[in-house]
Amino acid sequence: MTEQIFDVHFLLETFPKIMPYYPITMAIVGVALVFGLLIGFFCALIRIYHVRILTTIVNIYISIVRGTPLLIQLYLFYYGIPISLRLLNAKFQTNFNIDGVSPLWCVLISYSLNEGAYQTETIRGAIESVDQGEVEAAYSIGLTGAQTLRRIIIPEAVKIAIPNLGNNLLKLFKNTSLAFTVSVVDIMAEGKLIGSEGYRYFEVYIALAVIYWVSCFVISKVVDVIELRVNVAGKRIAR
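Per my numbering, the sequence shown runs over residues 2 to 240.
Structural data, given as structure tokens:
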């Protein structure tokens, strides 16, 4: 009896086995997106307003993150955090629980910092693209710098940044496929485990490709809807 080259039944059975781990993947995306946007926003303001010392730190941070692969950053946090805790314990006689450091925390930190570096440039470019005439008009009617930032600059910058923010989100979602390299069991890790059990890697990777593709398709459509609504709302306010 010849071995079946492609097992459709195995492929279909793979989906319900992988999907229970989908929330872990989405949790990584959600946390990294929120903290990445916060980091990116404050770093963008620091670069725009040329805050002393902090600008240099931000520039170095962005250069390192954008100049090294995400996989290397994952490994640095995965191995670096326990080493740092051991050094602290030895030097200051502290009692940090090294074994209690979850790989998921390493993933969340590294992904958030990586996302923050890329969002910094997106947000900075969007803010600097805001019409300076609107900013000057805001100052002329007595708005403070903070009020102008909140009422004029940020709403306009959001409209400009949405397409790039959407692209960054798609990149972030696909990059979660690297989390399995540091022992985080997400959809990719579970897929590899399923493939190793039946030596049916091709079917598993087809299932994973479908999951990633459908997810990215949905994300892109949601971003399109948000962009459309923001633009419509902006036109109504302008009237």
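Quick reminder that beta carbons are idealized off the backbone N, C-alpha and C, glycines included.
Taken through DSSP and simplified to helix, strand or coil, H10 comes out as helix.
When secondary structure is reduced to three states using DSSP, D225 falls in the helix class.
Nearest C-alpha to L46 among P164, V219, L150, E204: L150. When the beta-carbon positions are compared, T121 and I65 stay at least 9 Å from each other. Each residue's CA atom was taken as its position, placing A162 and W214 some 23 Å apart. Counting C-beta pairs with one atom in each stretch, the stretch 16-31 and the stretch 182-198 have three or more that are closer than 8 Å, which means they touch. Excluding sequence positions up to five before and after L105, its CB lies within less than 6 Å of the CB of V185, all in the same chain and listed in chain order. For Q148 and P156, the gap between their C-alpha atoms comes out near 12 Å. For the alpha helix (DSSP H) assignment, the uninterrupted runs of no fewer than 4 residues enclosed by the stretch 49-91 are, from N- to C-terminal side, 55-68. Measuring C-alpha to C-alpha distances from A158 to each of T177, S130, V136, N169 identifies S130 as the nearest. Here I99 has P83, L86, R87 as same chain residues with Cβ atoms under 7 Å from its own Cβ, once five neighbours each way along the sequence are excluded. With 16 or more other Cβ atoms inside 10 Å of its own Cβ, F181 counts as buried.
Contact between V231 and K160 holds: their C-beta atoms lie close to 5 Å from each other, under 8 Å. Its chain contains F11 as the residues whose beta carbon lies nearer than 7 Å to that of G199, once the 5 sequence neighbours on both sides are disregarded; these appear in chain order. A straight-line Cα-Cα distance of about 14 Å links K18 and V211. Burial state of E116 is buried, judged by a 10 Å Cβ sphere holding 16 or more other Cβ atoms.
In this structure T56 is not in contact with R67, their Cβ atoms being roughly 16 Å apart against a cut-off of 8 Å. E135 places its beta carbon less than 9 Å from that of I153. Following the DSSP letters along the chain, one finds T149 inside the alpha helix (DSSP H) bounded by residues 146-149. Residue state for Q120 is assigned as helix, using DSSP reduced to three classes. For T95, the secondary structure class from DSSP, reduced to helix, strand or coil, is coil.
DSSP, read as helix, strand or coil, puts I195 in helix.
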